[in-house]
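In our numbering, the protein residues as written are 864 to 1268. For every residue, glycine included, the Cβ atom is placed at its ideal position computed from N, Cα and C.
Next comes the structure, spelled out in structure tokens:
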């Protein structure tokens, strides 16, 4: 291994853990990685080959960039955040003589998650000392202050995937119970984070893993039944948390009320609103905007349009918060129209098929998790989401051998 490649690998492994603890490092480290990769190319220590799969991310970025021309309020900062759509496909297009150090990258990510948990508990205890005996200090954004709880949940789930499949360096060579201990800790943290997408994601990962694990021994039919039993156990276990149980009941009641009369629901609530109410209102507003603007409002045009809708529906407090739709599909539809939605849908379909054909179970599970989070969050609108998912979806797509799982 050349000195340049060794430096690249050290930086890449460090990147996967350090940016989780300090988000501001993501940009400088990514630029440094690309510079080292270019130096390696100039020294003929790597080759540059853009994968067909990665071009779809670039096309999506191109449509976002063009949308600034028809946006009523062009947001160049939002386009800057979208640079991850270019940066990571570019970074992994530089192919070195040795494979990517994925096991070490996964270890760095996992250790970063452990560090985030230490910070979360410190913040929660400090909050409790300040507010007194408060349960809320150990839940949602009070507990996870470095990253939004949904993104923190996604980080933990990805570590769980690696630990389940024995993909994480150091842990893979140790007794299995060590991995299961950390899996249990990371899973239990979702009781603090309380994100619906995260809880669904964890349960789906365990269900899929169970089906895959038992398929060779018991056949697919029995394995699927065992998988659904795992799903049921996961749901029952989650509902043992009073907070999650109350949130689930709350979501059910709001959804039932919404389905009975959507128009009356979105225009008849009273501020302050709860999270599940806000989502239903935002989804309805975004759906209406999408129908009115088939080509989208462009980057920067959606937030003012949503605010106007909320003001018109008598929710001035919510309008001030400059919400996004909390759904990546609606977000793309509202910003870059049917064209963007078609590209995104084709991209995810192609990714899923590609990972399935190459028997890359880890990448498939991450894609499933990504799809789940896209339903409940505008996951590519924040740095935490776009950096994490683009980094790992493009990195894992570099594995093409059918033996990977």
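Using the Cα positions of residue i and residue j, report the straight-line distance between them to the nearest angstrom.
i: residue 990; j: residue 1079; result: 49 Å
i: residue 888; j: residue 1247; result: 12 Å
i: residue 1029; j: residue 1225; result: 10 Å
i: residue 943; j: residue 1002; result: 31 Å
i: residue 924; j: residue 963; result: 25 Å
i: residue 900; j: residue 872; result: 10 Å
i: residue 1092; j: residue 869; result: 46 Å
i: residue 1202; j: residue 930; result: 11 Å
i: residue 1122; j: residue 1047; result: 37 Å
i: residue 1155; j: residue 1148; result: 11 Å
i: residue 1061; j: residue 966; result: 24 Å
i: residue 1265; j: residue 1191; result: Only weak support exists for where residue 1265 lies, its pLDDT of 37 falling under 50; the coordinates are left without a value.
i: residue 1177; j: residue 1136; result: 12 Å
i: residue 1031; j: residue 1012; result: 23 Å
i: residue 894; j: residue 910; result: 18 Å
i: residue 1056; j: residue 1022; result: 16 Å
i: residue 906; j: residue 896; result: 15 Å
i: residue 950; j: residue 880; result: 18 Å
i: residue 1114; j: residue 892; result: 40 Å
i: residue 1049; j: residue 1024; result: 11 Å
i: residue 1255; j: residue 997; result: 37 Å
i: residue 1042; j: residue 1167; result: 47 Å
i: residue 940; j: residue 946; result: 10 Å
i: residue 1052; j: residue 1206; result: 35 Å
i: residue 928; j: residue 1151; result: 24 Å
Drop a sphere of 10 angstroms on the beta-carbon of residue i, count the other beta-carbons inside from all chains shown, and report buried for 16 or more, exposed for fewer.
i: residue 912; result: exposed
i: residue 992; result: exposed
i: residue 985; result: exposed
i: residue 1213; result: exposed
i: residue 1244; result: buried
i: residue 1287; result: A question about residue 1287 goes unanswered here, because the residues of the chain that appear run from 864 up to 1268.
i: residue 1134; result: exposed
i: residue 1221; result: buried
i: residue 1125; result: exposed
i: residue 878; result: buried
i: residue 1196; result: buried
i: residue 1141; result: buried
i: residue 1038; result: exposed
i: residue 1153; result: buried
i: residue 1040; result: exposed
i: residue 1179; result: exposed
Quick one: residues in its chain with C-beta nearer than 7 Å to the C-beta of residue i, no 5 flanking neighbours on either side, listed in chain order?
i: residue 864; result: 961
i: residue 1218; result: 1226, 1227 and 1230
i: residue 1045; result: 1026
i: residue 1120; result: 1128
i: residue 886; result: 1246 and 1247
Do residue j and residue i come within 8 Å of each other at the CB atom, strictly closer than that value?
i: residue 1276; j: residue 1228; result: Outside the shown range of the chain (864 to 1268) lies residue 1276, about which nothing can therefore be said.
i: residue 1186; j: residue 1145; result: yes
i: residue 1090; j: residue 1016; result: no
i: residue 972; j: residue 1257; result: no
i: residue 1020; j: residue 1250; result: no
i: residue 1261; j: residue 955; result: yes
i: residue 1204; j: residue 948; result: no
i: residue 1200; j: residue 1157; result: yes
i: residue 1097; j: residue 1117; result: no
i: residue 1006; j: residue 987; result: yes
i: residue 1094; j: residue 1066; result: yes
i: residue 952; j: residue 926; result: no
i: residue 1223; j: residue 1259; result: yes
i: residue 1303; j: residue 1033; result: Nothing about residue 1303 can be read from this structure; the chain reaches only from 864 to 1268.
i: residue 1087; j: residue 1099; result: no
i: residue 936; j: residue 1163; result: yes
i: residue 890; j: residue 959; result: no
i: residue 1239; j: residue 1054; result: no
i: residue 919; j: residue 1234; result: no
Taking 8 Å as the limit between beta carbons, can you name the residues of its chain near residue i, skipping five residues before and five after?
i: residue 837; result: The structure shown does not extend to residue 837, since the chain spans only 864 to 1268, so no value can be given for it.
i: residue 884; result: 975, 978, 979, 982 and 1009
i: residue 875; result: 896, 963, 964 and 968
i: residue 1004; result: 1011 and 1012
i: residue 1143; result: 1117, 1118, 1121, 1128 and 1129
Leaving out five residues on either side along the sequence, give the residues of the same chain with a beta carbon under 6 Å from the beta carbon of residue i.
i: residue 933; result: 1161
i: residue 1182; result: 1170, 1173 and 1174
i: residue 1193; result: 1149
i: residue 882; result: 888 and 889
i: residue 938; result: 1162 and 1163
At a Cβ threshold of 8 Å, is residue i touching chain B?
i: residue 1171; result: Reference to chain B is not applicable here, since this structure consists of a single protein chain.
Indicate, with yes or no, if the ligand ATP has a heavy atom lying under 7 Å from the CB of residue i.
i: residue 877; result: As far as ligands go, the structure on display features none, and thus does not contain the ligand ATP.
(request) Tell me the start and end of each unbroken alpha helix (DSSP H) in the segment 984-1009 that is at least 4 residues and wholly inside, in chain order. (result) 1003-1006
(message) Ignoring anything shorter than 3 residues, give me the beta strand (DSSP E) runs that lie fully in the segment 928-956, in order along the chain.
(response) none
(message) Going residue by residue through the segment 1015-1071, where are the continuous alpha helix (DSSP H) segments of at least 4 residues, counting only ones entirely within it?
(response) 1039-1051 and 1053-1056
(request) Taking only runs that begin and end inside the segment 1129-1172, name each unbroken alpha helix (DSSP H) of 4 or more residues, in chain order. (result) 1138-1155
(request) Entirely within the segment 884-909 and at least 4 residues each: give me those alpha helix (DSSP H) ranges in chain order. (result) 889-905
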